[in-house]
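Presented below is the structure to which this report refers.
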Amino acid sequence: MFKQKPGSRKDTVLPYLLILPMVLIIVGLVYYPVGRTIMTSFEAKDFTKPLQTGFVFLDNYKALLTDSTIWHSVTNTLYVLVLILVGTITLGIFTSLVLFKDSPIKGFVLAITILPWALPPIVNGLLWRGVFHPQFGIINKLLLELNIVETGIQWLSKPFLVLTIASLVVMWRTVPLASMVFLSALTAIPSDIYESAQMDGCNSVSAFRYITLPMLRPSIAIVLTLTSFVGVNLFDEIVSLTGFSGQTRTLLVEAYIRLFSFLNFGQGSAFVALIMLASAVPTYFYIRYLNAQVEYS
Amino acid sequence: MKKTLFICVIAMLVLAACTPKAPAPTAAPATEAAATEAPVTETAAPQKMDASITVMVPPWAEIPSELIDKFTKETGIKVDMQIVGWDEIHNKIAIAAAGNTAAADVVEVDWSWVGEFASTGWFMPLNEFVTEDMKKDIPLIQTFTAGGNILAIPYANDFRIGTYNKAHFDAAGIKEPPKTWDELVQAAQAIKKAGIVQYPLGFPLSASEGATTYFLLITLSRSGPVFNEDGTLNKENVLSTMQFIYDLIYNQKLVDPNCTVMIDREIAANMYAGNQSFINGDPGMLTRTNDPERSKVVGQTARMLVPGHGDVRSATFGLPEGIGIPVNSKNKEAAWKFIEWFVSPEAALAQFEVNGSLPVRTSIFSEYVNEGKLEQGDVLLEQVGYVTSFAPAGIPAWYPKFSLVVQEALNKVATGTMSPEAATDMIASAVDSFLKE
């Protein structure tokens, strides 16, 4: 039988050849567009001013950072991000703990929980716009029917309220995924740890604090990373709820307007580069948190 | 191994597709390209071509496939109709142009994009193709002309006209449709007082394009020009509109405060539901209010002119939609043949019957009126006579930015978070900065 010699040419080249397609795809579809975006961010590229082109280095960044409207979208995004992160982690852990318990309807509950996650963000946004619509929305109809309010509440006209609703709508989509991640992590915790702790007099609260939570740390880091991306890149839900209103614009909505409404690809690309940077910073800390060791004395 | 090679080849093709191929179009684009094409006139004998084109238009421009097949049979040109959401088309045009390609060979061009596209140079001037007869028969071509270049040919004759619920007006004892905005407000007060509807008037006041156009229409018809001759904002007229809207919502309570989160289609839905007595809408509004599948007020509505002010009987502006040819299209001649056919009497009739779009050709429009095809065609014709432009110097390239500022300012006034004065100042300073740019 033919036997491949260790260290032969085929042996050293084949692995590279096998991963080459994936490398090419990633380079072509991820790194090239990212690189191109960063390059464009240093250029004057406003399609409505086709004669004003060229390398402008940091001018687009300067223009953005001195534009007061940008800071409004930054605070909006931060508000939404904090709500989504806190809500997703808390509700995700809570739901996973509920689902962890054995029950005859566990499978059904699991299916119901995962369903919102499968919805496309735009559908999610439109669905909830219908729910909160001041005139046709079911919430106002219910409140009026039960005589809780005399006139319908204008849920979607106050920026603070809209951003809060948008956060809830996003959470409706992110909590199921978080629950699944936490549920799989819970399943992986050996039961003998809990048994030992119980023998040492540990109650359920302490068990959650000193065993469950530390053991969930890698999962929390994953959920934090994924949810942060969702929060920073919030677009569809906000646009579905209030259109491109200046009062509720998030970072991505602002970037979209600069790119596709104003056709200023230079400034829009600079904006996108800043958003990428903003997404990378929390990810760094999550990874550090993920790698932190848990020690039991 | 073969599979790996195949994936490699595909990946390389993707990379090659991402690589820029040609320099971006300049301010004076494609005139050479246009010049190299053989001019095709309306009277040219039909020639069979072996070409395939893609056409990207919004849902309301879709025409029966049998008619497209007929066009293919006559010309030899195969047509791939891509029906895309109106607001998505703008993005697709921008993304394709940024990559030096064409979104399609024939693409929707809205009136509000003309100034912007004139600056970007993404559309091929059609001057070479358009005959004097065509210009005369389709006066709206002027709306799609910027800097002397015809960027698109209109296919849908859209303008704003009033539609009112005659039953509501009759019940409130109003026998004649109001002629001015003051008369309209008095009529609305009477309808409200009679308990017929709670909010007789409805304006889109959410952050949407519909809010801007409605705002411009009210200003133009109720007060006068939106812009001064030097291009700056006519603050007096704009302030008057802002105060008017605020007054209607908070003092007179004739406009539903929920309008601040409603887009134009939802305002129209209130009209169909019988919850509203008047709307300024497109000419198809009357047809839709008489459609039993969507309306509860069938047979109760009628057309009226957009109210005027003082001696001005009415004023309105056109919001026509056209189709043009991107400079990066590879099938310009075939694309033109399609456009020429798309505005022909045959295609216009199909668009009218299927989508309710009014014809852009004066000859066909008059013919429909004479034949009684248009309900209250006399009012339509009269309204056409008052069509003007809110921007007499042409739609500026900064219109999208202006529109967003108007939407925001108007929405803030309507939600009571900004005074009409502050909102007017906000728009005025934005216009000044656009002009400076």
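Here the protein sequences come in this chain order: S and R. Under this note's numbering, the first residue of the first sequence carries the number 1, and numbering increases by one thereafter. Under this note's numbering, the first residue of the second sequence carries the number 1001, and numbering increases by one thereafter. C-beta atoms are modelled at their ideal positions from N, C-alpha and C, and glycine is treated no differently. Small disclaimer: the values here were computed from a predicted structure and weren't measured.
### Query
So what's Gln1082(R) in DSSP terms, helix, strand or just coil?
Stepping through the second sequence from its first residue, residue 1082(R) is reached at position 82. Three-state DSSP puts Gln1082(R) in a strand.
### Residue nearest to Met1426(R) in terms of C-alpha spacing, selected from Leu1233(R), Arg1313(R) and Asn1157(R)
What you label residue 1426(R) is simply residue 426 of the second sequence in a count that begins at 1. Ranking Leu1233(R), Arg1313(R) and Asn1157(R) by Cα distance to Met1426(R) puts Leu1233(R) first.
### Query
For chain R, is any of its Cβ atoms less than 7 angstroms away from the one on Gln135(S)?
Translated into positions along the first sequence, residue 135(S) becomes position 135. Closer than 7 angstroms: yes.
### Query
Who are the neighbours of Thr66(S) on chain R, taking C-beta pairs under 7 angstroms?
The residue labelled residue 66(S) in the question sits at position 66 within the first sequence. Contact of Thr66(S) with chain R by beta-carbon distance below 7 angstroms is absent, the smallest such distance being about 14 angstroms.
### Query
What three-state label does DSSP hand Lys45(S) in the structure shown?
Sequence index remark: in the first sequence, residue 45(S) carries index 45 (1-based). DSSP places Lys45(S) in strand when its eight states are reduced to three.
### For His1090(R), three-class secondary structure by DSSP
In the second sequence, residue 1090(R) corresponds to position 90, counting from 1. In the structure shown, His1090(R) sits in a helix (DSSP, three-state: H, G or I).
### Task
Could you tell me which residues DSSP puts in a beta bridge with Arg1303(R)?
Numbered from 1 along the second sequence, position 303 holds the residue referred to as residue 1303(R). DSSP, once it has assigned bridges, lists Thr1163(R) as partnering Arg1303(R).
### Query
Nearest CA to the CA of Leu259(S): which residue from Ala273(S), Thr248(S) and Phe57(S)?
If you number the first sequence from 1, residue 259(S) lands on position 259. Answer by Cα proximity: Ala273(S).
### Task
Check the Cβ of Leu156(S) against every Cβ in chain R and list those closer than 7 angstroms, keeping chain order.
As a working note, residue 156(S) is residue 156 in the first sequence. Ordered by position in chain R, the residues that pass the 7 angstroms Cβ test against Leu156(S) are Val1261.
### Message
On the criterion of 16 or more Cβ atoms from any shown chain inside 10 Å, does Thr1026(R) qualify as buried, or is it exposed?
### Response
For the purposes of this step, residue 1026(R) is identified with residue 26 of the second sequence, where counting begins at 1. Residue placement at Thr1026(R) is poorly supported in this model, since its pLDDT is 36, which falls under 50; the coordinates still yield a value, given next. That one is exposed.
### Message
Between which two residues does the alpha helix (DSSP H) holding Pro1257(R) run?
### Response
In the second sequence, residue 1257(R) corresponds to position 257, counting from 1. Going by DSSP, Pro1257(R) is part of no alpha helix (DSSP H) at all; its letter is neither H nor E.
#### Entry: Near-chain R residues of the stretch 205-231 of chain S (beta-carbon distance less than 8 angstroms), N- to C-terminal order
none
### Query
What do you get for Phe229(S), buried or exposed, if any count of 16 or more other CB atoms within 10 angstroms of its CB means buried?
Along the first sequence, read from residue 1 onward, the residue named residue 229(S) stands at position 229. It is exposed - the Cβ of Phe229(S) has fewer than 16 other Cβ atoms within 10 Å.
### Query
Sorted by chain position, which residues of the same chain lie with C-beta nearer than 8 angstroms to Val1306(R)'s C-beta, five sequence neighbours on each side aside?
Within the second sequence, numbered from 1, the residue matching residue 1306(R) stands at position 306. Taken in chain order, the residues that qualify are Arg1160, Ile1161, Gly1162, Leu1217, Ser1221, Asn1280, Ser1314, Ala1315, Thr1316, Gln1383 and Tyr1386.
### Within-7 angstroms CB hit, Pro1058(R) to chain S
Counting from 1 along the second sequence, the entry for residue 1058(R) is found at position 58. Closer than 7 angstroms to the CB of Pro1058(R) there is not a single CB belonging to chain S.
### Query
Is Pro1059(R) closer than 7 angstroms to Ile1095(R) when the C-beta atoms are compared?
Within the second sequence, the letter at position 95 stands for residue 1095(R). Within the second sequence, the letter at position 59 stands for residue 1059(R). A distance of 7 angstroms or more separates the beta carbons of Ile1095(R) and Pro1059(R).
### Message
Rounded to the nearest angstrom, what separates Phe262(S) and Asp46(S) at their Cα positions?
### Response
What you label residue 262(S) is simply residue 262 of the first sequence in a count that begins at 1. What you label residue 46(S) is simply residue 46 of the first sequence in a count that begins at 1. Approximately 8 angstroms between the Cα atoms of the pair.
#### Entry: Beta-carbon contacts of Ala1428(R) that lie in its chain and below 8 angstroms, excluding the five residues immediately before and after
The residue given as residue 1428(R) occupies position 428 in the second sequence. Hits under 8 angstroms: Thr1232, Leu1233, Lys1235 and Val1238.
### Query
Per DSSP, what kind of secondary structure is Pro1200(R) in: helix, strand or coil?
Along the second sequence, one-based indexing puts residue 1200(R) at 200. In the structure shown, Pro1200(R) sits in coil (DSSP, three-state: anything other than H, G, I, E or B).
### Query
Going along chain R, which residues have a C-beta under 9 angstroms from Lys106(S)?
Taking the first residue of the first sequence as position 1, residue 106(S) is located at position 106. Simply none; closest approach about 40 angstroms.
### Query
Per DSSP, what kind of secondary structure is Asp1110(R) in: helix, strand or coil?
Working through the second sequence from its first residue, we reach residue 1110(R) at position 110. Three-state result, Asp1110(R): strand.
#### Entry: Uninterrupted alpha helix (DSSP H) stretches inside the stretch 1205-1263 of chain R (no shorter than 4 residues)
1209-1222 and 1235-1246
#### Entry: Counted within 10 angstroms of its Cβ, other Cβ atoms place Val80(S) as buried (16 or more) or exposed
Position 80 of the first sequence holds residue 80(S). Under this definition Val80(S) is a buried residue.
### Query
Around the C-beta of Phe108(S), are 16 or more other C-beta atoms found within 10 angstroms, so that it is buried, or is it exposed?
For the purposes of this step, residue 108(S) is taken as residue 108 along the first sequence, with counting starting at 1. So Phe108(S) ends up on the exposed side.
### Task
Taking Leu1404(R) as the query, report the chain S residues whose CB atoms sit under 9 angstroms from its CB, ordered along the chain.
Here residue 1404(R) corresponds to residue number 404 of the second sequence, with the count starting at 1. Result: Phe244, Gly246, Ile257, Ser261 and Phe262.
### Query
Roughly how many whole angstroms lie between the Cα atoms of Ile84(S) and Leu168(S)?
In the first sequence, residue 84(S) corresponds to position 84, counting from 1. In the first sequence, residue 168(S) corresponds to position 168, counting from 1. Near 7 angstroms, if we compare the C-alpha coordinates of Leu168(S) and Ile84(S).
### Task
Could you confirm whether any beta carbon from chain R is found closer than 7 angstroms to the beta carbon of Thr48(S)?
Along the first sequence, read from residue 1 onward, the residue named residue 48(S) stands at position 48. It does: the Cβ of Thr48(S) has a partner Cβ on chain R nearer than 7 angstroms.
### Message
Looking only at its chain, what residues have a beta carbon closer than 7 angstroms to the beta carbon of Lys1215(R), apart from the 5 residues adjacent to it on each side?
### Response
By one-based count along the second sequence, residue 1215(R) stands at place 215. Reading off the sequence shown, one finds Phe at residue 1215(R), where the question assumed Lys. So the list reads Thr1241, Val1406 and Leu1410, once near-sequence residues are dropped.
#### Entry: Extent of the continuous beta strand (DSSP E) run through Pro1154(R)
Within the second sequence, residue 1154(R) is the residue found at index 154, counting from 1. Per DSSP, Pro1154(R) is one residue of the beta strand (DSSP E) stretching across Ile1153 to Ala1156.
### Query
Taking Cβ-Cβ distances below 7 angstroms as the criterion, which residues of the stretch 1395-1428 of chain R are in contact with chain S?
Flagged, chain order: Ala1397, Pro1400, Lys1401, Leu1404, Glu1408, Asn1411 and Thr1415.
### Task
Please state whether DSSP places Gly1147(R) in a helix, a strand or coil.
The residue labelled residue 1147(R) in the question sits at position 147 within the second sequence. Looking at Gly1147(R) - three-state DSSP - the assignment turns out to be coil, as it is neither helix nor strand.
### Message
Looking only at its chain, what residues have a beta carbon closer than 8 angstroms to the beta carbon of Phe1434(R), apart from the 5 residues adjacent to it on each side?
### Response
Working through the second sequence from its first residue, we reach residue 1434(R) at position 434. Here Phe1434(R) has Pro1396, Trp1398, Lys1401 and Phe1402 as same chain residues with Cβ atoms under 8 angstroms from its own Cβ, once five neighbours each way along the sequence are excluded.
### Query
Got a sec: which bits of the stretch 1088-1114 of chain R sit with their beta carbon under 9 angstroms from any beta carbon on chain S, in order along the chain?
His1090, Asn1091, Ala1094, Ile1095, Ala1097 and Ala1098
### Task
List the residues of chain R whose Cβ lies closer than 9 angstroms to the Cβ of Phe265(S), in chain order.
For the purposes of this step, residue 265(S) is taken as residue 265 along the first sequence, with counting starting at 1. Per Cβ cutoff of 9 angstroms: Ala1094 and Ala1098.
### Task
Would you please verify whether the beta carbon of Ser1206(R) is less than 7 angstroms from any beta carbon of chain S?
As a first step, residue 1206(R) must be located in the second sequence, where it is residue number 206. Judged by the 7 angstroms Cβ criterion, Ser1206(R) is in contact with chain S.
### Message
With H, G and I counted as helix, E and B as strand and the rest as coil, what does DSSP make of Ser1277(R)?
### Response
As a first step, residue 1277(R) must be located in the second sequence, where it is residue number 277. In this structure, Ser1277(R) counts as coil in the three-state DSSP scheme.
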